[in-house]
Amino acid sequence: MIICDSTGTIRFARWLLLGGLCLASCFTASTTIQAQPKPKPQSHEPMHRLTWAEYEATLRYWKKRHPNWVTLQSRGISGQNMPVYLLKITDSSVPDTDKQICLVTTLHCGPERSGSSGALSLVDWMLSDDPLAAETRRRQIVLIMPVVNPLALFYTDRWRNENGVEPYVGMDRDGKAWDVKNLTFRRPEEAPEVMAVLSVVDEYQPEVHVDFHGVGLQEYGPDELGTRRMYQGQIMTEITGSAYSNYALRPWDWRVTEAMIEAGNAAGFPSDRFEADAQRTFWGNELAPLGKKLWHGMPKFYTQHYSYAKYHTMIATQEVAWEQSIVERTKGLFRIGNQVWNDERHPSYPVNRMKHFVGHFVTAYGNTASERRKSRVELWSKQSNLALGFMYPQTIGRESLICATTAAAKRAVAANGLRELQINLHDLFGENAKNIRKFIDAGPELKLAMEIPSARLMEAKEEDDVSFENGVSFRLRLPYRKPTQLQVQLNGQILKESPTDGYESWFADGFTQVHVNVPPAKARQTELYFITCSYTPDEIRRTGWMPPAAVQKQLATATANATPANFTDLSYGEHFRQSMDVWLAESKTPTPLVFYLHGGGWAAQDKTDIHQHLDVRKLLDAGISVASVNYRLLQDANAADVKPPVQWPLEDAARALQFVRSQADRWNIDKKRISACGVSAGGCSSLWLALHDDMAKPQSDDPIARESTRLFCAAGKAPQTSLDPRQLVEWIPNSEYGGRAFGFSGPSRPESFAPFLAARDSILSQIQLYSPIEHASENDPPLFMEFPAQDKVPVAGERQSDPTHSAVSGLMLQQKLEGLGGKVELRYKNDGKSGHATMQEFLMQQLQPNQ
Numbered sequence: 002m003i004i005c006d007s008t009g010t011i012r013f014a015r016w017l018l019l020g021g022l023c024l025a026s027c028f029t030a031s032t033t034i035q036a037q038p039k040p041k042p043q044s045h046e047p048m049h050r051l052t053w054a055e056y057e058a059t060l061r062y063w064k065k066r067h068p069n070w071v072t073l074q075s076r077g078i079s080g081q082n083m084p085v086y087l088l089k090i091t092d093s094s095v096p097d098t099d100k101q102i103c104l105v106t107t108l109h110c111g112p113e114r115s116g117s118s119g120a121l122s123l124v125d126w127m128l129s130d131d132p133l134a135a136e137t138r139r140r141q142i143v144l145i146m147p148v149v150n151p152l153a154l155f156y157t158d159r160w161r162n163e164n165g166v167e168p169y170v171g172m173d174r175d176g177k178a179w180d181v182k183n184l185t186f187r188r189p190e191e192a193p194e195v196m197a198v199l200s201v202v203d204e205y206q207p208e209v210h211v212d213f214h215g216v217g218l219q220e221y222g223p224d225e226l227g228t229r230r231m232y233q234g235q236i237m238t239e240i241t242g243s244a245y246s247n248y249a250l251r252p253w254d255w256r257v258t259e260a261m262i263e264a265g266n267a268a269g270f271p272s273d274r275f276e277a278d279a280q281r282t283f284w285g286n287e288l289a290p291l292g293k294k295l296w297h298g299m300p301k302f303y304t305q306h307y308s309y310a311k312y313h314t315m316i317a318t319q320e321v322a323w324e325q326s327i328v329e330r331t332k333g334l335f336r337i338g339n340q341v342w343n344d345e346r347h348p349s350y351p352v353n354r355m356k357h358f359v360g361h362f363v364t365a366y367g368n369t370a371s372e373r374r375k376s377r378v379e380l381w382s383k384q385s386n387l388a389l390g391f392m393y394p395q396t397i398g399r400e401s402l403i404c405a406t407t408a409a410a411k412r413a414v415a416a417n418g419l420r421e422l423q424i425n426l427h428d429l430f431g432e433n434a435k436n437i438r439k440f441i442d443a444g445p446e447l448k449l450a451m452e453i454p455s456a457r458l459m460e461a462k463e464e465d466d467v468s469f470e471n472g473v474s475f476r477l478r479l480p481y482r483k484p485t486q487l488q489v490q491l492n493g494q495i496l497k498e499s500p501t502d503g504y505e506s507w508f509a510d511g512f513t514q515v516h517v518n519v520p521p522a523k524a525r526q527t528e529l530y531f532i533t534c535s536y537t538p539d540e541i542r543r544t545g546w547m548p549p550a551a552v553q554k555q556l557a558t559a560t561a562n563a564t565p566a567n568f569t570d571l572s573y574g575e576h577f578r579q580s581m582d583v584w585l586a587e588s589k590t591p592t593p594l595v596f597y598l599h600g601g602g603w604a605a606q607d608k609t610d611i612h613q614h615l616d617v618r619k620l621l622d623a624g625i626s627v628a629s630v631n632y633r634l635l636q637d638a639n640a641a642d643v644k645p646p647v648q649w650p651l652e653d654a655a656r657a658l659q660f661v662r663s664q665a666d667r668w669n670i671d672k673k674r675i676s677a678c679g680v681s682a683g684g685c686s687s688l689w690l691a692l693h694d695d696m697a698k699p700q701s702d703d704p705i706a707r708e709s710t711r712l713f714c715a716a717g718k719a720p721q722t723s724l725d726p727r728q729l730v731e732w733i734p735n736s737e738y739g740g741r742a743f744g745f746s747g748p749s750r751p752e753s754f755a756p757f758l759a760a761r762d763s764i765l766s767q768i769q770l771y772s773p774i775e776h777a778s779e780n781d782p783p784l785f786m787e788f789p790a791q792d793k794v795p796v797a798g799e800r801q802s803d804p805t806h807s808a809v810s811g812l813m814l815q816q817k818l819e820g821l822g823g824k825v826e827l828r829y830k831n832d833g834k835s836g837h838a839t840m841q842e843f844l845m846q847q848l849q850p851n852q
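Residue 2 is where the sequence shown starts when you use my numbering, and the numbers rise one by one after that.
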């Protein structure tokens, strides 16, 4: 709040930062600050100071004048035996059954006088002939407590009552008086004003609770109060929907706040929008170090929160400068209560959603306001014991919502997989579970996603079980305007359209709202609500973004999309990079398999690059299954201090191969006809597997480790056949590859190769362990190597345009293997040879089932 004193100095009110001041602290503060000059004579006309007699007489006048609209009650006795009055305004000729209830209070009245005068002005309007006032009297019960703390307003101009209790923040002489966990107030006998408000809240359980604040004398020191009369023109920055000190005092739906602001603006009364106008974000525990850059209001429990905490009442705070302004803004609020809210089907405030999980809702049941109020209050008190979920992933044409209310139901949905879930549902629902099974089997969903982890669901206690005495409703939302063939089931039973026992559907807020109603008798007997909804969308919407055509061509995107894998990102180890994609050929007999390792210097790229080098579809059509493998990269090994880092990608290649063999029976794979292939470093890994002795460990307790690593054949595109830097330089004088594989860092390959070459002799045993050519023997399988970028006949000892991918390294391996009696085919551009031109041709010829 901002107050302008007689010197024109603008000061922020201390209560905005501290949440309220006591009378004693005000007097103490006034004696410690520098003495203020006496107020200058004012040219502003003084305002009338309302007296207790005038106030009480006015209330009685309204009651007598409008007996069919006004009920006057005393809800407690404040200081000097002054009643805390409640005005109930509604058209008694209209039954209360379907009326919304709005409570207006003035918890900070006293020195903040315009809140009370604004409430009285609102009564004046409510009792007028304005069509909106008449409609509001017919559709709502409006409860107004214009002066919650009469002693403060009429006598002390300080917030605290005669016992030192401050009603708004909930303070007494010992500090904060609220026990938030138990929603009780310390020494209630000393807080009749607070108890009066709470008694009204408990009796009526309102949909909305609005609290009026305003301008007054709160920043005036005792020596500045003078005649305790405000003056015409004494104003403040008006605020709608919340409080500067406490951003938890606001409607949960910003559209409610905006409706009030727009109504005020239309009448010429603008409002501040808190953090939006300040362009600052909210606080949170982890953001505390940034406090000077954040909105200064903090979430706190004030007395007004009692309404929300106990009854799910929507709360809002208003700062009042002009009485007419708060009347206009409150009109904007009343219009909401008189009308059907945004996505609902009955006139009401938006207060009926009690529990949520990712856009799925548990809502109040009923077709009248009083029915929904009973259901709302019951569900709100029990919602913390509910467990919500839905089938995941969500899919077009299908929707679901699951709500477990008992320990038994929670354990049932904590199933390990869909098969176990279906068994549990059959135990609960008998034959009706067949319809749920059909729904699950018809979809691609992988699991039941619950808001509570399975381990906690399994620990649920029977003492926390709940049932619903007043019925319950659920809300699903379909993202289409006119879906057809809508079928809604509850626990396997097909529902009919019904506002009481079945489902309703309507289009609102961009969704087709599907509202499932479970009447009280049925709700009392139900522990688990398993709702499924199938539908046909009214339009086809494509999803996904495609890269530019040139990029698609480069990366074979269309080919990849046209050949989805049977298993994607299938794990063969604990690290996230230890995964593979698997395509299984259709065959009655076990199929051969191509085992692909991607390139990238063991430091980049991904298993998806297989489509740039192999035609997976063609392999499948030929009866050959395929696995494309990711592996841990050099940087992963460096982070784990693994030496040499190339150990990880090569050992992963062997482990992935053994994993594939371990799945042979399940995948219908011929263990004896597995061929490895790859590009660049992936080709090097493939040759290393092919030439290395079998790495199986027959005595291991790990069944995967017992599998063989021997290959039927192997192929590489531009592979490295040696990792020995001295050997590479002898073959290719400008060679610069391999330093990083052995832990020598540098911003470029040449800068990492030089120290690698210098240290060669000291790490020769490691180099020989991971260099393919070192493992060559007469027992090795047939090999194929292609070097499509080779631009001249490979000659050892000559510099190469692409030394890393030169056919010279392939030539040297060919010569060694052929000297041992091995079979090797070497191809490069314009080599003039016949035979297999590519890896694809070689693999298909070697692995064809009829070979």
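Beta carbons: idealized from backbone N, C-alpha and C, even for Gly.
These numbers come from a predicted model, not from an experiment.
Check: Where I236 and E163 are concerned, what is the direct C-alpha to C-alpha distance, given to the nearest angstrom?
Finding: 28 Å
Margin query: Please list the terminal residues of the continuous beta strand (DSSP E) segment that includes M786.
Written below: 784-788
Item checked: Opening and closing residue of the beta strand (DSSP E) in which S474 lies -> 473-479
Check: In chain order, what residues of the same chain lie with their CB nearer than 7 Å to the CB of S753, ignoring the 5 residues before and after it?
Finding: G740, R741, F745, S746, G747
Next item on the list: Specify the secondary structure class of F283 as computed by DSSP and reduced to three states.
Entry: coil
Notebook entry, point to check: Going straight from the alpha carbon of H306 to that of H210, what length do you get?
Noted result: 9 Å
Next item on the list: Could you check if K462 is buried or exposed, using at least 16 other CB atoms within 10 Å of its CB as the buried criterion?
Entry: exposed
Notebook entry, point to check: From the DSSP output, which residues share a beta bridge with F872?
Noted result: A question about residue 872 goes unanswered here, because the residues of the chain that appear run from 2 up to 852.
Next item on the list: Please determine if the stretch 497-505 and the stretch 377-391 are in contact, where contact requires at least 3 C-beta pairs separated by less than 8 Å.
Entry: no
Next item on the list: Compute the Euclidean distance between the alpha carbons of M547 and Q553, then round it to the nearest angstrom.
Entry: 8 Å
Item checked: Neighbour-count burial assignment, F391, 16 or more Cβ in a 10 Å radius -> buried
Check: Once you ignore the five residues that flank Q101 on each side, which residues in its own chain have a CB closer than 7 Å to its CB?
Finding: R140, Q141, E208, G338, S349, Y350, A370
Check: Considering only C-alpha positions, which residue in the set Q815, G822, L620 is nearest to R828?
Finding: Q815
Item checked: Backbone CA spacing between Y481 and D510 [nearest angstrom] -> 11 Å
Note to self: DSSP has E708 in a bridge; who is on the other side?
What the structure shows: Answer is none; E708 lacks a bridge partner.
Notebook entry, point to check: Can the beta-carbon of S686 be found less than 8 Å from the beta-carbon of A654?
Noted result: yes
Checklist line | With 16 other Cβ atoms within 10 Å as the buried cut-off, status of E379 | finding: buried
Check: For the alpha helix (DSSP H) that T558 lies in, which residues bound it at each end?
Finding: 558-563
Notebook entry, point to check: Relative to the alpha-carbon of R336, which residue among Y169, E400, A134, H693 has its alpha-carbon at the smallest distance?
Noted result: A134
Check: First and last residue of the alpha helix (DSSP H) that includes M261?
Finding: 255-267
Margin query: For P353, which residues in the same chain have their Cβ closer than 7 Å to its Cβ, ignoring the five residues on either side in sequence?
Written below: It should be noted that the sequence gives Asn, not Pro, for residue 353. Cβ within range, chain order: T364, A365, R373, R377.
Note to self: Distance check for V730 and A797, CA to CA, integer angstroms please.
What the structure shows: 10 Å
Next item on the list: Decide yes or no for the touch test of the stretch 121-138 against the stretch 232-249: beta carbon pairs closer than 8 Å, at least 3 of them.
Entry: no
Margin query: Between which residues of its own chain and Q268 is the CB-CB distance below 6 Å, once the five residues before and five after are set aside?
Written below: Before going further, note that residue 268 is Ala rather than Gln in the sequence given. So the qualifying residues of the chain are E329.
Notebook entry, point to check: Per DSSP, N247 is paired with what?
Noted result: A244
Item checked: DSSP-derived helix/strand/coil call for M127 -> helix
Item checked: Given 8 Å, three or more beta-carbon pairs between the stretch 191-209 and the stretch 299-315 -> yes
Next item on the list: Give a yes or no on whether 8 Å exceeds the smallest Cβ distance from A509 to chain D.
Entry: Although the question refers to chain D, the structure presented lacks it and comprises just one protein chain.
Notebook entry, point to check: Among G234, N562, L218, which residue has its Cα nearest to the Cα of G227?
Noted result: L218
Notebook entry, point to check: Using CA coordinates, which residue listed in Q325, D203, Q233, E190 is at the minimum distance from T314?
Noted result: D203
Next item on the list: Note down, in chain order, each residue of its chain lying with its Cβ closer than 6 Å to the Cβ of K483, except the 5 sequence neighbours on either side.
Entry: D539
Item checked: Whole-angstrom distance between V809 and K824, CA atom to CA atom -> 18 Å
Next item on the list: Between the Cα of K65 and those of E46, M83, Y303, L88, spot the shortest distance and give me the residue it belongs to.
Entry: L88
Item checked: 7 Å CB neighbourhood of Q636 in its chain, flanking five on each side removed -> A604
Next item on the list: Tell me C534's beta-bridge partners as DSSP assigns them.
Entry: E400, V489
Next item on the list: Grab the span of the alpha helix (DSSP H) containing F512 for me, first residue to last.
Entry: Note, F512: premise wrong, no alpha helix (DSSP H); beta strand (DSSP E) at 512-519.
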